[in-house]
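K.L.:
Chains as they are written, first to last, in my numbering: chain A, 16 to 608; chain B, 196 to 527.
Even glycine gets a Cβ: it sits at the ideal position worked out from N, Cα and C.
One structure, pasted below without further comment.
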Amino acid sequence: MKAHRRFSLSLSTITVLSVTAAVIAAVSVCILIFGSIYGRTLNLDTRVSSEQAVDQAELAVTNYFASIEDKLSLISGVVQRTQTPAELEDKISVFTFVQNDIYAVTVYSADGEIISCTGSGAKRKENSYKDLSFNKELFDSSGEFGGFAVSSPHVQTLFEGEYPWVITISTKLEFPVFGNGEYVAIDFMFSEIAKYIDNVGIGRHGYCFITDKNGDIVYHPQQQLLFSGLKTENTDLISSLPDGIYTEKGVIYTAKFTKDNLWRIVGVSFTNELAERLRQRIFMSIIISFLCCALIALILLIIYSRIVTAPVKSMIQAMKRFETDAENFTFSGGTESVTELNVLSRSFEHMSHRIVQLMERVRLEETELRKTELKALQAQINPHFLYNTLDSIQWMCERGNTESASKMVGALARLFRISISRGHELITIKDEMRHAENYLIIQNYRYQNQFTYTFDVDPGIEHYLCNKITVQPLIENAIYHGIDRLIDEGEIKISAKTAEDNDNDIIITVEDNGVGMTDEQCRKILQKERSDSSGIGVKNVNDRLKIYFGADYGITIKSELDVGTKVIVRIPKLTEEAGTNETQTNKTNPESN
Amino acid sequence: MRRKRTKQIRKVIKPIVGLLCLTIALSLCSCANPDAEKKHIAVIVKATDSDFWQSVKRGVDSAATEYNVSVTFDGPSSEDDYAAQNEIIKSAVAGGADAIVLSAIDYENSVAEVDEAARAGVPTIIIDSNVDSSRTKMFIGTDNIEAGRTAGKAATDDFPDGSQINIGLINYYKSTDNGRLREDGFREYIDGIENAKIISSVNVASNAESAAAAAISLLNENPQINVLVGFNEWMTLGIGEAIKQLNASNRVRGIGFDTNIKSIEKLETGEIDTLIVQNPFAIGYLGVKYAAELISGGNIKENIIYTDVTAVTKDNLFDKDIQKLMFRFNQD
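Below, the structure written as structure tokens:
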């Protein structure tokens, strides 16, 4: 049994743990599936919103170009029809007053000299340090009359107190005006487009910027960051790609050219951040659900152990108690709240109760059986002893030794009277000694005074009880095994005294000076039935004493070869009353069986 | 038997279903919450009117768009009024701001308000000018000492050999951290130049008029001065005005900080020779960017981020990149 005992989990732990594990697994799978679907949707959302934002920005910029081209062709027509710069300035100032996105209209000569410049109201500087609007190379790229050239955004420096960002759109005049006026250029305010681009937000964390067709950044809402190197844009990559949506290292780029291919709108948004957030959230959710499950599992475990484990444990303990000490075992079950356990404990209660009953009954039956056996044996007097005694008496009568014969007959009669003693099992020590004495008288006649005997009985203990026919078998044993084979005269000493080590016990000894016995013979006498299977042997006396008085009482034999044997009987001090009770129970019990 | 078993199964299934519902509800809650409303960041600066702060505002707005947060941009009407700024900090905390981006007027007198905000769970990120508190999350701004050195270099470069460089300083409100640091950096650089010497230094209120008046009297009292340095936008305009009024653009080199249209004009006309230009857009942008990351649970690794300074002269003013730095796109 013990070899099988290993590390083991309790029933409730196993149940709760497995349920918890199943729940956690289910929840985790749910969250993961939900998360991946949600993540994919998010990415898709970002791409869609990026595309929409860029489309709208592209439309705005295209419209912006379309409108400024319209205005340029209108103004260049006006310029061609005007005779003097002063007249032009009058006409344009009205125009710019209405069209506040036009900052200035300038007529340039072929080498950049300003022939006419009309602003939206501010005073022109007397001598400006640099004119950023004029760019001959760019102006010439517009081709012949009717073509346009568009500059990058730059600062307009011609007027006092203002440095607006403008883009310059220019065209070559069909024919020179005011003498040598070759080009007309309009500076358009850039702030509208800048504001528009600034306010384009894509997703949680995205923006838009403009490049020219070569991929150089025209406008970026964070160009100060680009300037100081705090931010870089992968313009090389973008310029190498056609329009569309690209994902590169977690960044979604959406690129689209404006209608006339001048500029390109680039939307930038981020996937990895969203995904990362999502991952964190999923992770958090799993942890939270794990904690919840653990908490609930703990509560369940406590409840479960209250309801199930505790009663099972108490039952197991009860069983262990039952294993070690069945006789004094009591158990009351049926208090459990779980049906199965209730039934189990009830039947255990019933079973244990029944087992205790049966054990008690077996014990009683065993004792009674022994007692009956012994009674049957007591009833018998060794027939050989009777024949031999009667032979001796007859022989005495024939010899006319009537006195001896009558003594023998008297002794035999007392012997029988005492051994029957009205069916009582227990008799006083005095009677028992008389019984022994009568036996010795008869045997002494028979053995023709081969031995002598002495009695040493403490008169104070003569009224205590002892089993009848206790001493006689011991004397018989002493005669047959000790004295009989002795050549010298034998001596048998019988004594009865209070035990030296215990005032409540009586020690009766039968001592002879016979041939003695080996230790093995002593043991055999106490273990074996008599070989002639008649009368009462030493073993029977011992067994009887133990049945009546318990394991502490009985016979011990001390023997030495050629010196003698001493048989010691220890019995408790029993008074008449206890003895009658004893005999009564002895009488009633066999009947009930 | 079968009925008993189904009963048992039902017994087991009930708590499982309950658990499932609970956890899904919980996880949905935790998913849904952050999207519910935009986080709010209060940007509190020294003043809102100057070009410098307008550029900071554009950076702030740009980051707000990019990081999807709402921002308010507030400051007292005067750059000296730390008490008014403290009130703005308090009302931002009371108004439920999730983070504060602050440029402190006073290095010492706003400590209590910043600490109070931190106790209320509102983190503070400092931009431009620091405050003497250990509870701020980070500093983003110009390395003012380095900016001072750059000014020192601009003040002393290209003088003919053997000539004596005599310098006058016009600085503003003494307890403002960045003005002090710029001057420290400047002095440190000048100490290493043999033929340069600071003749006089004055502190004035932070406006162009008092700076101009101080600069004029400084130049009149010390005619040997050939370099004049103003340590912020208003000081710069003041020295430009003084040089213009005294018609001294040929004999006095003007060194200024920051940029606005007037100072650029003075750069064009030669009254100011060099402007030490910070990157206010980057300061505002990074302030809000890190605040947004902080709110959404991100970690901040650096304690200090220095944005660059650029020395702008007449020669590089209209370079393509410098234009983008110097001139705002949206001039309303």
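Return the chain-ordered list of same chain residues with a C-beta closer than 8 Å to the C-beta of residue 548 of chain A, the five sequence neighbours on each side being excluded.
P.N.:
Numbered from its first residue, the first sequence carries residue 548 of chain A at position 533. Per-residue confidence for residue 548 of chain A stands at a pLDDT of 49, beneath the threshold of 50, marking its modelled position as unreliable; the derived number appears in the next sentence. Cβ neighbours of residue 548 of chain A beyond the five flanking positions: none.
K.L.:
Since residue 272 of chain A is in the beta strand (DSSP E), which residue starts that stretch and which ends it?
P.N.:
Translated into the one-based positions of the first sequence, residue 272 of chain A becomes position 257. Unbroken beta strand (DSSP E) run through residue 272 of chain A: 266-272.
K.L.:
What are the start and end residues of the beta strand (DSSP E) that includes residue 197 of chain A?
P.N.:
Taking the first residue of the first sequence as 1, we reach residue 197 of chain A at position 182. Segment 196-204, the beta strand (DSSP E) holding residue 197 of chain A.
K.L.:
Could you check which residue in A/256, A/309, A/283, A/462 has the C-alpha nearest to that of residue 262 of chain B?
P.N.:
Within the second sequence, numbered from 1, the residue matching residue 262 of chain B stands at position 67. Measuring from the Cα of residue 262 of chain B, the nearest candidate turns out to be A/283.
K.L.:
Along the chain, where does the beta strand (DSSP E) that runs through residue 448 of chain B open and close?
P.N.:
By one-based count along the second sequence, residue 448 of chain B stands at place 253. Taken as a continuous stretch (DSSP letters only), the beta strand (DSSP E) holding residue 448 of chain B covers 448-452.
K.L.:
With distances taken Cα to Cα, identify the nearest neighbour of residue 571 of chain A among A/329, A/498, A/383, A/584.
P.N.:
Stepping through the first sequence from its first residue, residue 571 of chain A is reached at position 556. Nearest of A/329, A/498, A/383, A/584 to residue 571 of chain A, Cα basis: A/584.
K.L.:
Work out the CA separation of residue 297 of chain A and residue 326 of chain B for me, nearest whole Å.
P.N.:
Taking the second sequence and counting its residues from 1, the one referred to as residue 326 of chain B is at position 131. Taking the first sequence and counting its residues from 1, the one referred to as residue 297 of chain A is at position 282. Near 40 Å, if we compare the C-alpha coordinates of residue 297 of chain A and residue 326 of chain B.
K.L.:
Can you give me the C-alpha to C-alpha distance between residue 254 of chain B and residue 242 of chain B, rounded to a whole angstrom?
P.N.:
Here the question's residue 254 of chain B lines up with position 59 in the second sequence. Here the question's residue 242 of chain B lines up with position 47 in the second sequence. Each residue's alpha carbon lies about 15 Å from the other.
K.L.:
If I measure Cβ to Cβ from residue 206 of chain A and keep anything under 8 Å in the same chain, skipping five residues before and after, which residues do I get?
P.N.:
Here residue 206 of chain A is taken as the residue at index 191 of the first sequence, counted from 1. So the list reads 179, 180, once near-sequence residues are dropped.
K.L.:
Taking only three categories from DSSP, how would you classify residue 233 of chain B?
P.N.:
Locating residue 233 of chain B in the second sequence gives position 38, where the first residue counts as 1. It is coil, neither helix nor strand.
K.L.:
In terms of residue numbering, what span does the alpha helix (DSSP H) encompassing residue 58 of chain A cover?
P.N.:
For the purposes of this step, residue 58 of chain A is taken as the residue at position 43 of the first sequence. Its alpha helix (DSSP H) spans residues 26-96.
K.L.:
Go through its chain and collect everything with a Cβ distance to residue 32 of chain A's Cβ below 6 Å, but skip five positions before and after it.
P.N.:
Here residue 32 of chain A is taken as the residue at index 17 of the first sequence, counted from 1. Correct list: empty, nothing qualifies.
K.L.:
With a threshold of 6 Å on Cβ separation, who are the neighbours of residue 228 of chain B within its own chain once the five nearest residues in sequence on each side are excluded?
P.N.:
As a first step, residue 228 of chain B is located in the second sequence; it is residue number 33 there, counting from the start. In this prediction, residue 228 of chain B scores a pLDDT of 46, lower than 50, which makes its location untrustworthy; the coordinate-derived value is nonetheless stated afterwards. Counting only Cβ-Cβ distances below 6 Å, and skipping sequence neighbours, we find nothing.
K.L.:
Name the chain B residues that come within less than 9 Å of residue 213 of chain A, Cβ to Cβ?
P.N.:
Numbered from its first residue, the first sequence carries residue 213 of chain A at position 198. Those within 9 Å of residue 213 of chain A in chain B are 253, 256, 257, 260, 524, 525.
K.L.:
Just confirm the distance between the C-beta atoms of residue 441 of chain B and residue 403 of chain B, as a whole number of angstroms; I'd bet it's less than 8 Å.
P.N.:
The residue given as residue 441 of chain B occupies position 246 in the second sequence. The residue given as residue 403 of chain B occupies position 208 in the second sequence. That belief does not hold up - the Cβ atoms of residue 441 of chain B and residue 403 of chain B are roughly 16 Å apart, past 8 Å.
K.L.:
If distances are taken between C-alpha atoms only, which option among A/135, A/308, A/343, A/162 comes closest to residue 370 of chain A?
P.N.:
Position 355 of the first sequence, counting from 1, holds the residue named residue 370 of chain A. Minimum Cα distance to residue 370 of chain A is reached at A/343.
K.L.:
With distances taken Cα to Cα, identify the nearest neighbour of residue 518 of chain A among A/475, A/538, A/556, A/488.
P.N.:
Stepping through the first sequence from its first residue, residue 518 of chain A is reached at position 503. The shortest C-alpha separation from residue 518 of chain A is found at A/475.
K.L.:
Would you identify the three-state DSSP class for residue 187 of chain A, choosing helix, strand or coil?
P.N.:
Your numbering for residue 187 of chain A matches position 172 in the first sequence. Of the three classes helix, strand and coil, the one that applies to residue 187 of chain A here is strand, per DSSP.
K.L.:
The beta strand (DSSP E) spanning residue 482 of chain A covers which residue range?
P.N.:
Numbered from its first residue, the first sequence carries residue 482 of chain A at position 467. That run of the beta strand (DSSP E) goes 480-482.
K.L.:
Roughly how many angstroms separate the alpha carbons of residue 364 of chain B and residue 519 of chain B, rounded to a whole number?
P.N.:
Your numbering for residue 364 of chain B matches position 169 in the second sequence. Your numbering for residue 519 of chain B matches position 324 in the second sequence. The alpha-carbon atoms of residue 364 of chain B and residue 519 of chain B are separated by roughly 29 Å.
K.L.:
Pair every Cβ in the segment 43-52 of chain A with every Cβ in the segment 315-326 of chain A, then say whether three or more of these pairs are closer than 8 Å.
P.N.:
No, because fewer than three Cβ pairs between the segment 43-52 of chain A and the segment 315-326 of chain A fall closer than 8 Å, the two stretches do not touch.
K.L.:
Count the other C-beta atoms from every protein chain shown that fall within 10 angstroms of the C-beta of residue 582 of chain A, then say buried if there are 16 or more, exposed otherwise.
P.N.:
The residue you call residue 582 of chain A lines up with position 567 of the first sequence. Residue 582 of chain A is buried by the Cβ-count criterion.
K.L.:
Residue 488 of chain A lies in the alpha helix (DSSP H); which residues open and close that run?
P.N.:
As a working mapping, residue 488 of chain A is identified with position 473 in the first sequence. 486-492 is the extent of the alpha helix (DSSP H) around residue 488 of chain A.
K.L.:
Assuming residue 362 of chain B contacts residue 354 of chain B under a Cβ cut-off of 8 Å, what Cβ separation, rounded to an integer in Å, is found between them?
P.N.:
Taking the second sequence and counting its residues from 1, the one referred to as residue 362 of chain B is at position 167. Taking the second sequence and counting its residues from 1, the one referred to as residue 354 of chain B is at position 159. No, residue 362 of chain B and residue 354 of chain B are not in contact; Cβ-Cβ is about 11 Å, not under 8 Å.
K.L.:
Please classify residue 318 of chain A: does DSSP put it in a helix, a strand, or coil?
P.N.:
On the first sequence, residue 318 of chain A is found 303 positions in, with the first residue counted as 1. Helix, per DSSP.
K.L.:
So, are the CB atoms of residue 232 of chain A and residue 120 of chain A less than 9 Å apart?
P.N.:
In the first sequence, counting from the first residue as 1, residue 232 of chain A sits at position 217. In the first sequence, counting from the first residue as 1, residue 120 of chain A sits at position 105. The answer is no: Cβ separation not under 9 Å.
K.L.:
Cα separation between residue 424 of chain B and residue 318 of chain B?
P.N.:
In the second sequence, the residue the question calls residue 424 of chain B occupies position 229. In the second sequence, the residue the question calls residue 318 of chain B occupies position 123. So the two alpha carbons sit approximately 36 Å from each other.
K.L.:
Residue 419 of chain A to residue 377 of chain A, Cα distance in whole Å?
P.N.:
Position 404 of the first sequence, counted from the start, is the residue given in the question as residue 419 of chain A. Position 362 of the first sequence, counted from the start, is the residue given in the question as residue 377 of chain A. In a straight line, the C-alpha of residue 419 of chain A is about 52 Å away from that of residue 377 of chain A.
K.L.:
I need the boundaries of the alpha helix (DSSP H) containing residue 380 of chain B, first residue and last residue.
P.N.:
For the purposes of this step, residue 380 of chain B is identified with residue 185 of the second sequence, where counting begins at 1. 372-386 is the span of the alpha helix (DSSP H), which, as asked, contains residue 380 of chain B.
K.L.:
I'd like to know whether the C-beta of residue 76 of chain A is nearer than 9 Å to at least one C-beta of chain B.
P.N.:
Within the first sequence, residue 76 of chain A is the residue found at index 61, counting from 1. No, its Cβ sits nowhere closer than 9 Å to a Cβ of chain B.
K.L.:
I want to see whether chain B comes within less than 9 Å of residue 203 of chain A, judged by CB atoms only; does it?
P.N.:
In the first sequence, the residue the question calls residue 203 of chain A occupies position 188. Residue 203 of chain A does not count as touching chain B.
K.L.:
What residues from chain B crowd round residue 254 of chain A, counting only those whose CB sits closer than 8 Å?
P.N.:
Within the first sequence, residue 254 of chain A is the residue found at index 239, counting from 1. Correct list: empty, because the minimum Cβ distance to chain B is about 18 Å.
K.L.:
Quick test of the definition: if touching needs 3 or more C-beta pairs under 8 Å, does the segment 275-294 of chain B touch the segment 505-515 of chain B?
P.N.:
Because the criterion of three Cβ pairs below 8 Å is not met, the segment 275-294 of chain B and the segment 505-515 of chain B do not touch.
K.L.:
Just checking: is the beta-carbon of residue 226 of chain B within a distance shorter than 9 Å of some beta-carbon in chain A?
P.N.:
Taking the first residue of the second sequence as position 1, residue 226 of chain B is located at position 31. Low per-residue confidence applies at residue 226 of chain B: pLDDT is 48, beneath 50, and the placement is therefore not dependable, though the value from the model is reported in the following sentence. Output row for residue 226 of chain B: interface = yes.
K.L.:
Could one say the Cβ of residue 372 of chain A lies closer than 9 Å to chain B's Cβ atoms, at least one of them?
P.N.:
For this step, residue 372 of chain A is matched to residue 357 along the first sequence. So no, residue 372 of chain A is outside the interface.
K.L.:
What does residue 518 of chain B touch in chain A if you count any residue whose Cβ is under 7 Å from its own?
P.N.:
Numbered from 1 along the second sequence, position 323 holds the residue referred to as residue 518 of chain B. Chain A residues near residue 518 of chain B: 169, 170.
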